[in-house]
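K.L.:
This is the structure I want to talk about, given as structure tokens.
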Amino acid sequence: MYKHRFSTVLLALSLVCAGIPAMAETQAPEYPPLNVQPEGKPSRYAFVAKLLEVSSGAKQVQASTDPEVIATYNEARKLFEQANTAADTAGINMYLNMAVGKMYSAIQASTPKKVSSDKFKQDYEQRLKSVDALSEAYQRIVQEKQAEEKGKLVMVQVAKHKSAAADLGAKDDYQAARTELDLGYNLIKSAIELLRGGDTLTRTLSFASAEEEYHYEKDRNDTHFMLVNLLVNSKLESKPQSFKDKIAQMVQEATEAQEVAESLAKKGKHKEAIAKLEESTSVLVKAIRMGGIFIPSA
Numbered sequence: 001m002y003k004h005r006f007s008t009v010l011l012a013l014s015l016v017c018a019g020i021p022a023m024a025e026t027q028a029p030e031y032p033p034l035n036v037q038p039e040g041k042p043s044r045y046a047f048v049a050k051l052l053e054v055s056s057g058a059k060q061v062q063a064s065t066d067p068e069v070i071a072t073y074n075e076a077r078k079l080f081e082q083a084n085t086a087a088d089t090a091g092i093n094m095y096l097n098m099a100v101g102k103m104y105s106a107i108q109a110s111t112p113k114k115v116s117s118d119k120f121k122q123d124y125e126q127r128l129k130s131v132d133a134l135s136e137a138y139q140r141i142v143q144e145k146q147a148e149e150k151g152k153l154v155m156v157q158v159a160k161h162k163s164a165a166a167d168l169g170a171k172d173d174y175q176a177a178r179t180e181l182d183l184g185y186n187l188i189k190s191a192i193e194l195l196r197g198g199d200t201l202t203r204t205l206s207f208a209s210a211e212e213e214y215h216y217e218k219d220r221n222d223t224h225f226m227l228v229n230l231l232v233n234s235k236l237e238s239k240p241q242s243f244k245d246k247i248a249q250m251v252q253e254a255t256e257a258q259e260v261a262e263s264l265a266k267k268g269k270h271k272e273a274i275a276k277l278e279e280s281t282s283v284l285v286k287a288i289r290m291g292g293i294f295i296p297s298a
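Heads up: the sequence shown begins at 1 in UniProt numbering, then just goes up one per residue.
Here it is in structure tokens:
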């Protein structure tokens, strides 16, 4: 009888003890679907929605039980929600930029330190090779276009980014070093696009149709929007509010011109759409220069 009771007690204790780890283990929270309202939003809105909800980085963040990661991710989601109710395109882009920044912070915080360090170094080394390769290509194009003076100015800026990246890499801060290289990489990429864009303006490039030329100009325009986000917005924190407002106004102007171009293209009016894209890109070039980044004209 006592033996039976003892066995029963042991069984009960084993069940209780087995349950302790399960109860003590912290589970990742369940997040409701994002409130995605793409109507009337800029094209990058959908990209940010995917980044926050279905990207590999999002899956990594959503699986984390780290309070810092959870809090930062929730902040990113709230900023995205604020983009839904922003009064204008400039406001939408501002909240989207802030949401992306928070999301990248959450992804970084949820990445194991060892894996993160090795990955950052690998990314840095790969990006350095890309910068060098693109620099060689740019210098060849500069010679072909007889634009050596503009080319020298661009390469001086790129050299500064490479030097700063090397200093950061020497301190094992490969994440910051990669970011610095990205600035140089995108500067060269934009400079190449602008030199080729000069071909478009002088009509030495041959397009099979106005629609084909429209897609070419759309790619150039998208590149410049990316450059504003990468090069200019990163410098805005230290600027006065009047400067921030001016940049936001210019981005809004460029966005509105882009949206008109997209609307015209849907109606088959590709020549008119090209003109609006060129107008949009021109405004973005001015914004980039205002941000203190030299960029040659087309």
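Note that CB positions come from ideal geometry on N, CA and C, so glycine has one too. Just so we're clear, the structure is a prediction, and the values are computed from it rather than from any experiment.
Where do the N-terminal and C-terminal ends of the alpha helix (DSSP H) with THR223 fall, by residue?
P.N.:
It spans 210-227 - the alpha helix (DSSP H) in which THR223 sits, taken as one unbroken run.
K.L.:
How should ALA90 be labelled, buried or exposed, when 16 other C-beta atoms within 10 angstroms of its C-beta is the threshold for buried?
P.N.:
Classification for ALA90: buried.
K.L.:
Grouping DSSP H, G and I as helix and E and B as strand, with all else coil, what is GLY91?
P.N.:
If DSSP states are grouped into helix, strand and coil, GLY91 belongs with the helices.
K.L.:
Cβ of ILE106 within 8 Å of Cβ of VAL69?
P.N.:
Residue identity differs from the one stated: residue 106 is Ala in this sequence, not Ile. Yes. Within cutoff.
K.L.:
Spatial neighbours of GLN37 within its chain, please: CB distance less than 8 Å, with the 5 preceding and 5 following residues excluded, ordered by chain position.
P.N.:
Same-chain partners within the cutoff: ASN84.
K.L.:
Buried or exposed, going by whether 16 or more other CB atoms sit within 10 Å of the CB of MET23?
P.N.:
With a pLDDT of 37 at MET23, under the threshold of 50, the modelled position of that residue is not reliable, and no figure is offered here.
K.L.:
If you follow the alpha helix (DSSP H) that ASN74 is in, where does it begin and where does it stop?
P.N.:
Element bounds for ASN74: 67-84.
K.L.:
Compute the Euclidean distance between the alpha carbons of LEU187 and GLN27, then round it to the nearest angstrom.
P.N.:
One C-alpha to the other measures close to 43 Å.
K.L.:
Spatial neighbours of LEU51 within its chain, please: C-beta separation below 8 Å, excluding the five flanking residues on both sides.
P.N.:
Result list for LEU51: GLY57, ALA58, VAL100, MET103, in chain order.
K.L.:
Report yes or no: do three or more beta-carbon pairs, one from the segment 74-84 and one from the segment 120-131, lie closer than 8 Å?
P.N.:
Segments in contact, no.
K.L.:
GLU213 and ILE288 - do their beta-carbons sit closer together than 8 Å?
P.N.:
Going by C-beta atoms, ILE288 is not nearer than 8 Å to GLU213.
K.L.:
With DSSP as the reference, label GLY151 as helix, strand or coil.
P.N.:
Helix, per DSSP.
K.L.:
Within 10 Å of its beta-carbon, does PRO21 have 16 or more other beta-carbons around it, so buried, or fewer, so exposed?
P.N.:
Note on PRO21: pLDDT 42, under 50, position unreliable in the model; no value is reported.
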